[in-house]
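Enquirer: The opening position of the sequence shown corresponds to residue 1 in UniProt numbering, with each subsequent residue numbered one higher.
Backbone N, C-alpha and C define an ideal beta-carbon position, used for all residues, glycine too.
The structure presented is a predicted model; accordingly, all values stated were derived computationally and were not measured.
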Amino acid sequence: MANVLKVTTPTVERTNLNPVRPEGNLQAQDLKVQNPVSTERVTRPDVRNDAAAESGDQKLRLNYGSNFSAFVKGLGKNPELIGTLSRLIQAGQGMQVESGIGEDTAEEISALLNMIHVQEGEMQGLMKNQLEAATRFRSPFFDLLRQALSETDSPDLQQDLLRFVKRYVDVTSARHLQTQLKDTLDAARDRMLKKSAETFSGKMEGLFETKDGRMQIPEDVRRLKGEILPFLNAYITASHDRGSLRELTANLALLLSRYENADRAELLNDFNRLQEYAVFQKFFGKIDTKQFDALLTRMEELQRQNSAENQKLYDVIKDGLMGKEGSQVKQLAGNLLQSLLLNESVYMPLLHLVLPMNVDGRLLYSEAWIDPDAAKPQGRQEEKKNAVRALIKFDIQEVGFFDLYLYYFDGKADVQLNYPDSYKGKEGEIRENMRRIMKERGIDCGTLVLESSEGSIPLSEAFPEIYERRNTINVRV
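1) Val171 CB to nearest chain C CB: under 8 Å?
2) Would DSSP call Thr199 helix, strand or coil?
3) Starting from the C-beta of Glu427, find all residues in its chain whose C-beta is less than 7 Å away, skip the five residues before and the five after it, and write them out in chain order.
4) Work out the CA separation of Leu295 and His352 for me, nearest whole Å.
5) Considering only residues of the stretch 224-280, which uninterrupted alpha helix (DSSP H) runs meet the minimum length of 4 residues and lie entirely inside it, listed in chain order?
6) Hey, which unbroken runs of the alpha helix (DSSP H) at 4 residues or more fall wholly within the stretch 306-373?
7) Could you give the distance in angstroms between the alpha-carbon of Thr210 and the alpha-carbon of Gln216?
8) Excluding sequence positions up to five away, which residues of its chain have a Cβ less than 7 Å from the Cβ of Arg167?
9) With a threshold of 16 other CB atoms inside 10 Å of the CB of Leu350, please say whether the residue is buried or exposed.
10) Taking the alpha-carbon positions, what's the Leu229 to Leu252 distance?
11) My output table needs one value for Glu103: the three-state DSSP class, helix, strand or coil.
12) With DSSP run on the structure shown, which of helix, strand or coil describes Gly400?
13) Please say whether Lys330 and Leu321 have beta carbons closer to each other than 8 Å?
14) Starting from Arg389, follow its DSSP beta bridges and name the residues at the other end.
15) Between the C-alpha atoms of Leu274 and Phe280, what's the straight-line distance to the nearest angstrom?
16) So Ala390 and Phe409 are in contact, right, with Cβ under 8 Å, and what is the actual spacing, rounded?
17) With a threshold of 16 other CB atoms inside 10 Å of the CB of Ala70, please say whether the residue is buried or exposed.
18) Tell me whether Glu205 sits in a helix, a strand or coil according to DSSP, three-state version.
19) Give the C-beta separation of Glu171 and Arg264 to the nearest angstrom, bearing in mind that I take them to be a contact with Cβ-Cβ under 8 Å.
20) Tell me which residue opens and which closes the beta strand (DSSP E) that Leu193 is part of.
21) Rounded to the nearest angstrom, how far is the Cβ of Phe231 from that of Phe200, given a contact under 8 Å?
22) For Gly74 and Gly213, I'd like the C-alpha separation in whole angstroms.
23) Which residue marks the beginning of the beta strand (DSSP E) containing Thr447, and which one marks its end?
24) Rank Pro356, Ala374, Asp241 and Lys195 by C-alpha distance to the C-alpha of Glu465 and give the top, closest one.
25) Contact defined as beta carbons within less than 8 Å: I believe Leu181 pairs with Tyr235. What is the distance between those atoms, to the nearest angstrom?
26) Phe463: which of Phe292, Leu406 and Ser150 sits nearest, CA to CA?
27) Arg189: which of Arg246, Ser150 and Asp288 sits nearest, CA to CA?
28) Using only the alpha-carbon positions, how far apart do Asp143 and Glu398 sit?
29) Evaluate Ala238 with the Cβ neighbour count: other Cβ atoms within 10 Å of its Cβ, from every protein chain shown; 16 or more gives buried, anything less gives exposed.
30) Can you give the Cα-Cα distance for Ser460 and Tyr347, rounded to whole angstroms?
31) If you measure between the beta carbons of Leu342 and Ile317, is that distance less than 8 Å?
32) Output the boundary residues of the alpha helix (DSSP H) element that contains Tyr168.
33) How big is the Cα-Cα spacing for Ser244 and Asp293?
34) Compare the beta carbon distance of residue 478 and Thr152 with 8 Å and say whether it is the shorter of the two.
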């Protein structure tokens with residue numbers, strides 16, 4: 001058809017005025033349904049799930065290895081304990097020289113150095129005391145208890161034995177629990193308003209008093225349950241304090257449950273209950289309550305005597321953490337405490353010892369990891385003899401740093417010793433003296449490897465089973 005009206009398309013000049021975005025640049029609307037509601041899992045309120053698609057055995061599960069991973073990372077970042085202890089004590093000795101600086105810490109360090117002063121022939125006794133203090137159940141009494149537990153098939157006896165051991169732990173920790181309760185109560189009072197804090201202090205008067213040198217645990221528990229905890233709960237409700245005070249109250253309830261279980265009279269009743277079993281009488285005979293009470297008192301006295309050096313070391317760390325001696329000492333004390341706590345983890349299946357010694361005026365710092373139930377040699381797994389593996393690190397003042405790795409079984413030991421570089425060229429003398437010392441102790445020295453101390457022996461190489469989780473305590477819930 002002819003274009004009669006002569007219609008034309010006008011030409012629009014391209015300018016930057018009022019630019020129009022091309023329609024193609026607009027994002028197309030997604031009409032698909034995003035993350036439909038699934039009745040098989042708990043979803044967010046907005047039905048979103050940012051996790052990747054999971055199917056089959058890859059579905060959401062608890063990460064049981066998270067605490068263990070943190071433990072392994074902590075071991076990797078853990079500072080050298082004996083090096084930290086050496087610097088801390090040296091810093092304290094420096095403070096003794098400067099008048100008026102670090103008097104508290106200087107006194108504690110001086111007391112520690114005097115307490116750990118030993119002659120060359122007394123080192124074995126000091127190490128024995130440390131071993132007995134580090135292992136709470138190391139005594140002939142508990143050896144018999146283990147035998148009774150291994151020989152019985154009675155679930156009632158097994159349950160009563162374990163209940164007895166649990167109460168024994170709380171009874172021997174009663175003074176420590178009492179100190180924790182006092183600190184928790186003081187911290188809770190400091191977080192109250194003035195008038196309520198005064199009322200709370202009045203309720204705490206007369207708490208934790210002793211009678212004839214013995215703690216009155218039932219009376220303390222009655223007052224804590226009947227007066228202290230209800231007052232704290234009422235204060236939290238009235239003040240709406242859901243912060244640190246509430247956490248302290250929850251911790252107080254936990255400590256109270258253990259403190260209630262620390263009643264010595266109940267432990268004696270548990271022992272009398274065990275006397276009713278024939279298997280128990282086979283190993284212990286007829287021991288009356290007075291005899292067991294005297295035995296318990298003796299074990300507690302030995303525990304306190306053996307832990308005297310440890311207490312002095314703890315006092316040094318505590319004074320350092322108070323920050324009175326400066327940031328350097330505070331950091332050293334914090335690193336030392338972190339290392340000690342890490343080596344007491346449930347994931348650490350080894351006996352850990354720290355042995356600072358003052359031998360004839362020369363300081364010696366040693367740290368040891370011991371596995372008393374190490375794997376036995378091939379073909380001898382059925383033998384009843386125990387294999388022992390140990391890693392010992394020691395730093396001798398003005399001598400240097402040593403690493404000693406030892407595997408002992410059936411009177412024979414394989415040893416690796418890393419010595420300071422200053423002793424290079426004296427390998428023959430070191431080897432001869434090492435074999436002589438071991439022979440004097442009745443140990444047949446098998447393989448003896450000597451290396452210079454270019455690098456410290458890592459804990460992961462000495463005890464790889466720590467990282468493989470072959471013999472850790474199962475703490476899963």
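Expert: Quick look at the numbers:
1) Chain labels in this structure do not include chain C; a single protein chain is all it has.
2) Numbered from 1 along the sequence shown, position 199 holds the residue referred to as residue 199. In this structure, Thr199 counts as helix in the three-state DSSP scheme.
3) Here residue 427 refers to the residue found at position 427 when the sequence shown is read from its first residue. The answer, listed in chain order, is Leu450.
4) Residue mapping note: residue 352 aligns to position 352 of the sequence shown, counting from 1. Residue mapping note: residue 295 aligns to position 295 of the sequence shown, counting from 1. Distance between the alpha carbons of His352 and Leu295: 27 Å.
5) 229-239, 244-260 and 264-274
6) 308-321 and 327-342
7) Taking the first residue of the sequence shown as 1, we reach residue 210 at position 210. Taking the first residue of the sequence shown as 1, we reach residue 216 at position 216. Their backbone Cα atoms lie some 6 Å apart in a straight line.
8) As a first step, residue 167 must be located in the sequence shown, where it is residue number 167. Answer for Arg167: Asn261, Glu266, Leu267 and Asp270, listed in chain order.
9) Residue numbering aside, residue 350 sits at position 350 when the sequence shown is read from its first letter. Label assigned to Leu350: buried.
10) Locating residue 229 in the sequence shown gives position 229, counting from the first residue. Locating residue 252 in the sequence shown gives position 252, counting from the first residue. Going by the C-alpha atoms only, they are around 8 Å apart.
11) Counting from 1 along the sequence shown, the entry for residue 103 is found at position 103. Its pLDDT being 47, under 50, Glu103 is placed unreliably in this model, and the value from its coordinates should be taken loosely. Reduced to three states, the DSSP call for Glu103 is helix.
12) Against the sequence shown, residue 400 aligns to sequence position 400. Of the three classes helix, strand and coil, the one that applies to Gly400 here is strand, per DSSP.
13) Here residue 321 refers to the residue found at position 321 of the sequence shown. Here residue 330 refers to the residue found at position 330 of the sequence shown. A contact, by the Cβ cut-off of 8 Å.
14) Taking the sequence shown and counting its residues from 1, the one referred to as residue 389 is at position 389. DSSP, once it has assigned bridges, lists Asp371 and Tyr407 as partnering Arg389.
15) The sequence position of residue 274 within the sequence shown is 274, counting from 1. The sequence position of residue 280 within the sequence shown is 280, counting from 1. Taking the straight line joining both Cα atoms gives about 7 Å.
16) Locating residue 390 in the sequence shown gives position 390, counting from the first residue. Locating residue 409 in the sequence shown gives position 409, counting from the first residue. Contact doesn't hold; Cβ gap of about 12 Å is too wide.
17) Here residue 70 refers to the residue found at position 70 of the sequence shown. Ala70 should be labelled exposed.
18) On the sequence shown, position 205 is the one that residue 205 refers to. Glu205: coil per DSSP, three-state reduction.
19) Start at 1 with the first residue of the sequence shown, and residue 171 comes out as number 171. Start at 1 with the first residue of the sequence shown, and residue 264 comes out as number 264. Per the sequence presented here, residue 171 reads as Val, with Glu not at that position. With a Cβ gap of about 6 Å, Val171 and Arg264 count as contacting.
20) Within the sequence shown, the letter at position 193 stands for residue 193. From DSSP, Leu193 is part of no beta strand (DSSP E); its letter is neither H nor E.
21) Within the sequence shown, numbered from 1, the residue matching residue 231 stands at position 231. Within the sequence shown, numbered from 1, the residue matching residue 200 stands at position 200. That pair is a contact at about 6 Å.
22) Within the sequence shown, numbered from 1, the residue matching residue 74 stands at position 74. Within the sequence shown, numbered from 1, the residue matching residue 213 stands at position 213. The straight-line gap from Cα to Cα measures roughly 42 Å.
23) Numbered from its first residue, the sequence shown carries residue 447 at position 447. That run of the beta strand (DSSP E) goes Asp444 to Ser452.
24) The sequence position of residue 465 within the sequence shown is 465, counting from 1. Of the listed residues, the one whose Cα sits closest to Glu465 is Ala374.
25) Indexing the sequence shown from 1 puts residue 181 at position 181. Indexing the sequence shown from 1 puts residue 235 at position 235. Incorrect: roughly 18 Å between the Cβ atoms, too far for contact.
26) The residue given as residue 463 occupies position 463 in the sequence shown. Closest by alpha carbon: Leu406.
27) Stepping through the sequence shown from its first residue, residue 189 is reached at position 189. Minimum Cα distance to Arg189 is reached at Arg246.
28) By 1-based counting over the sequence shown, the position of residue 143 is 143. By 1-based counting over the sequence shown, the position of residue 398 is 398. Using only the alpha carbons, I get a separation of about 42 Å.
29) To locate residue 238, count along the sequence shown from 1; it is residue 238. The residue in question, Ala238, is exposed, as its Cβ has fewer than 16 Cβ neighbours within 10 Å.
30) As a working note, residue 460 is residue 460 in the sequence shown. As a working note, residue 347 is residue 347 in the sequence shown. Distance between the alpha carbons of Ser460 and Tyr347 is about 13 Å.
31) One-based indexing of the sequence shown puts residue 342 at position 342. One-based indexing of the sequence shown puts residue 317 at position 317. Not a contact, by the Cβ cut-off of 8 Å.
32) The residue given as residue 168 occupies position 168 in the sequence shown. That run of the alpha helix (DSSP H) goes Pro155 to Thr172.
33) One-based indexing of the sequence shown puts residue 244 at position 244. One-based indexing of the sequence shown puts residue 293 at position 293. Their backbone Cα atoms lie some 41 Å apart in a straight line.
34) Since the first residue of the chain shown is 1 and the last is 477, residue 478 is not available in this structure.
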